[in-house]
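Peer 1:
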Amino acid sequence: MNFRQTLTHGLWRDLPPFRMVLGLCPTLAVTATAENGLGMGIAVTFVLIFSNMFISLLRKVIPDKVRIASYIVVIATLVVIVELAMKAFFFPLSQQLGIYIPLIVVNCIILGRAEAFASRNPVHLSMADGLSVGLGFSISLTLVGSIREILGVGTWFGMAVFPDSFEPFGFMVQAPGAFLCLGLLLGLMNAWSRRRGEFFIQT
Amino acid sequence: MREIAHLVLVLGVICSLSAAALAYVRTSLAGRIEMQEDFYVRGPALERLFKQPAEGLLTEKLTVPVGDQTYPVFYLREAGEVTGLAVEAAGHGGYSGDIVIMIGLDPRDDRVLGVEIVSHSETPGVGAKVELASFRQQWTGLTLDQPVSLTSDGGGIDAITGATFSSRAMVDGTNQVVEMLRDHRQEILLLIEERSSGGAVSGGEG
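So, in structure tokens, the structure goes:
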């Protein structure tokens, strides 16, 4: 992959929750509102860019046998830094996201990109890959969050979008709504891909 | 053998660098995090206890170390007199962890102004009922000269049905405050005097 492909592949071809179908736990759990989805996406993007950077820098130093352990140490360190920074600067958001921030450590997108990309590619490409996949993840989470918030609460980023007479269907902000929303989006994307004759369809 | 030494060395260096980075971030952000916690978590409880906006109250803070615990104490001072103390304590023995409470009292007559829940993780609908005003109002007007206990233990606090653990955690928190105030009351009032005399000029003008 060249630089441009690396920078854009996370936005459609390898869109994390819909194409790679990775990172579903936060996609389902924290997307009750668009703001939570975006916050989670940004946190993951930050961790991805820097974990890819450090792992790419260290790829020739880390022996094969302890590579997973080393990756996890790097990722966990970054996640704790994000957690502390969020508490210091975005306290209400960090309360909302709660346990899901520390759980970024076990988000398979991050370990996946480390193993599949950063451990084999130079630093600038790895960081571009982190940015690309992170952005794709943020957009996906914001999209799922927006749909759920607009239908389930009647607001978008806290702003009312419907007149008062709109009765929001609270089902959408609960757990089953997340599954429904994710499934419908996955189906729509597959249908679109099939029409365009693309071959990367999730079955 | 050489290989193992190499593995250990690399992993060891990565871990120590990570630890150093974390220690640095933690120490440099600790102050800000505590400010944020005061503002968002303790602020609302204080506001309800003293019926005043939290901005002015949060700066009036002391921490009283007792044994291996520290109790945050906030105070309200009017016309050169301490008219309110709010002591935070973590009540142990909740159904799922500690229930952090804040007890407000008027040090002039030692009556409890009220009790507020700062944070808890009790079961919604069961233990979480400790938040209900109807339960918490049992504290209002108590005098904190002796420990409190549940009616089932021979005391005067009616437990929430089905949530004895949560109720006991509240009682435990209260008794920590009782004990802390018994031993450190004078010390706290002296500390407040000391701090306010430093800023007495601005206080006098207001």
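The listed protein sequences correspond, in order, to chains A and B.
For the record, in the first sequence the residue sitting at position 101 is 417 according to the working numbering, with numbers rising by one throughout.
For the record, in the second sequence the residue sitting at position 28 is 10 according to the working numbering, with numbers rising by one throughout.
Each residue gets a CB set at the ideal place from its N, CA and C atoms; glycine is no exception.
Note that the structure is predicted; figures quoted are calculated from it, not measured.
Buried or exposed: where does B/Y6 fall if 16 or more other Cβ atoms within 10 Å of its Cβ makes it buried?
Peer 2: The residue given as residue 6 of chain B occupies position 24 in the second sequence. Result: exposed.
Peer 1: Could you spell out where the beta strand (DSSP E) holding B/T65 opens and where it closes?
Peer 2: The residue given as residue 65 of chain B occupies position 83 in the second sequence. Looking at the DSSP string, the run of the beta strand (DSSP E) that includes B/T65 is E63 to G76.
Peer 1: Taking all protein chains shown into account, do 16 or more other C-beta atoms lie within 10 angstroms of the C-beta of A/W508, making it buried, or fewer, making it exposed?
Peer 2: Counting from one through the first sequence, the residue named residue 508 of chain A turns up at place 192. It counts as exposed.
Peer 1: Show which residues of chain B have a CB atom less than 8 Å away from the CB atom of A/I397.
Peer 2: If you number the first sequence from 1, residue 397 of chain A lands on position 81. The contacting residues are A3, L4 and V7.
Peer 1: Kindly list the residues whose CB is nearer than 7 Å to the CB of B/G66, restricted to its own chain and excluding five residues on each side of it in sequence; keep chain order.
Peer 2: Here residue 66 of chain B refers to the residue found at position 84 of the second sequence. Counting only Cβ-Cβ distances below 7 Å, and skipping sequence neighbours, we find F32, Y57, L58, G86, D88 and L95.
Peer 1: What does the Cβ neighbour count give for A/H458, buried or exposed, with the cut at 16 atoms within 10 Å?
Peer 2: Locating residue 458 of chain A in the first sequence gives position 142, counting from the first residue. Note on identity: in this sequence residue 458 of chain A is Thr, with His being the wrong assignment. Its Cβ being crowded by 16 or more others within 10 Å, A/T458 is buried.
Peer 1: Inspect the beta-carbon positions of A/A476 and A/G470 and report whether they are closer than 9 Å.
Peer 2: The residue given as residue 476 of chain A occupies position 160 in the first sequence. The residue given as residue 470 of chain A occupies position 154 in the first sequence. Contact flag set, yes.
Peer 1: Might you give, ordered along the chain, the residues of its own chain that have their beta carbon closer than 8 Å to the beta carbon of A/L373, omitting 5 neighbours on each side?
Peer 2: For the purposes of this step, residue 373 of chain A is identified with residue 57 of the first sequence, where counting begins at 1. Exclusion of the five residues before and after A/L373 leaves V439 as the residues of its chain whose Cβ lies within less than 8 Å of its Cβ.
Peer 1: Of all Cβ atoms in chain A, is any one closer than 9 Å to the Cβ of B/L(-11)?
Peer 2: Here residue -11 of chain B refers to the residue found at position 7 when the second sequence is read from its first residue. Yes, B/L(-11) lies at the interface with chain A (some Cβ there is under 9 Å from its Cβ).
Peer 1: Could you check what DSSP says for B/F56 in three-state terms: helix, strand or coil?
Peer 2: For the purposes of this step, residue 56 of chain B is identified with residue 74 of the second sequence, where counting begins at 1. B/F56 falls in the strand class under three-state DSSP.
Peer 1: Have a look at the DSSP bridge pairing and note the partners of B/E98.
Peer 2: Working through the second sequence from its first residue, we reach residue 98 of chain B at position 116. DSSP output for B/E98 lists B/M84 as bridge partner(s).
Peer 1: Could you tell me which of A/W328, A/V390 and A/I378 sits nearest to B/L4, measuring between CA atoms?
Peer 2: Taking the second sequence and counting its residues from 1, one reaches residue 4 of chain B at position 22. Checking every option, the nearest Cα to that of B/L4 belongs to A/V390.
Peer 1: If you measure between the beta carbons of B/I174 and B/V69, is that distance less than 9 Å?
Peer 2: Indexing the second sequence from 1 puts residue 174 of chain B at position 192. Indexing the second sequence from 1 puts residue 69 of chain B at position 87. In this structure, B/V69 does not lie closer than 9 Å to B/I174 by Cβ.
Peer 1: At least one CB of chain B closer than 9 Å to the CB of A/R408: is that the case?
Peer 2: One-based indexing of the first sequence puts residue 408 of chain A at position 92. Looking at the sequence shown, residue 408 of chain A is not Arg but Pro. Proximity of A/P408 to chain B, defined by a Cβ-Cβ separation below 9 Å, is satisfied.
Peer 1: Assuming A/P342 is part of the alpha helix (DSSP H), what are its boundary residues?
Peer 2: As a first step, residue 342 of chain A must be located in the first sequence, where it is residue number 26. Unbroken alpha helix (DSSP H) run through A/P342: L340 to A345.
Peer 1: Answer with buried or exposed for A/M317, where buried requires no fewer than 16 other C-beta atoms within 10 angstroms of its C-beta.
Peer 2: Walking along the first sequence from the start, residue 317 of chain A turns up at place 1. By the neighbour-count rule (16 or more Cβ atoms within 10 Å), A/M317 is not buried but exposed.
Peer 1: Between the Cα of B/G144 and the Cα atoms of B/A115, B/G76 and B/R(-16), which residue gives the shortest distance?
Peer 2: If you number the second sequence from 1, residue 144 of chain B lands on position 162. Selected option, being the one with the closest Cα: B/G76.
Peer 1: CB of A/N437 to nearest heavy atom of the ligand HEM: below 8 Å?
Peer 2: Annotation note on the ligand HEM: not contained in the displayed structure, which lists no ligands.
Peer 1: Using 9 Å as the limit for Cβ to Cβ distance, is B/Y77 near chain A?
Peer 2: Mapped onto the second sequence, residue 77 of chain B falls at position 95. B/Y77 does not count as touching chain A.
Peer 1: So what's A/M475 in DSSP terms, helix, strand or just coil?
Peer 2: Counted from its first residue, the first sequence places residue 475 of chain A at position 159. It is a strand residue.
Peer 1: Scan the segment 409 to 435 of chain A and note each continuous alpha helix (DSSP H) run of 4 residues or more that stays entirely inside, going in chain order.
Peer 2: Listed in chain order, they are 424 to 429.
Peer 1: Does chain A have any CB closer than 9 Å to the CB of B/E70?
Peer 2: Translated into the one-based positions of the second sequence, residue 70 of chain B becomes position 88. Under the Cβ distance rule, B/E70 does not count among the residues neighbouring chain A, no pair being separated by less than 9 Å.
Peer 1: Please state the DSSP three-state secondary structure of B/K43.
Peer 2: Locating residue 43 of chain B in the second sequence gives position 61, where the first residue counts as 1. Residue state, collapsed to three classes: strand.
Peer 1: Could you tell me which chain B residues have their CB closer than 7 Å to the CB of A/V377, listed as they occur along the chain?
Peer 2: Here the question's residue 377 of chain A lines up with position 61 in the first sequence. Here the neighbours are V(-8).
Peer 1: Spatial neighbours of B/G186 within its chain, please: C-beta separation below 6 Å, excluding the five flanking residues on both sides.
Peer 2: Position 204 of the second sequence holds residue 186 of chain B. Any reading at B/G186 must be qualified, since the residue scores a pLDDT of 39, below 50, and its modelled position is unreliable; the value itself is stated next. Here the set comprises nothing.
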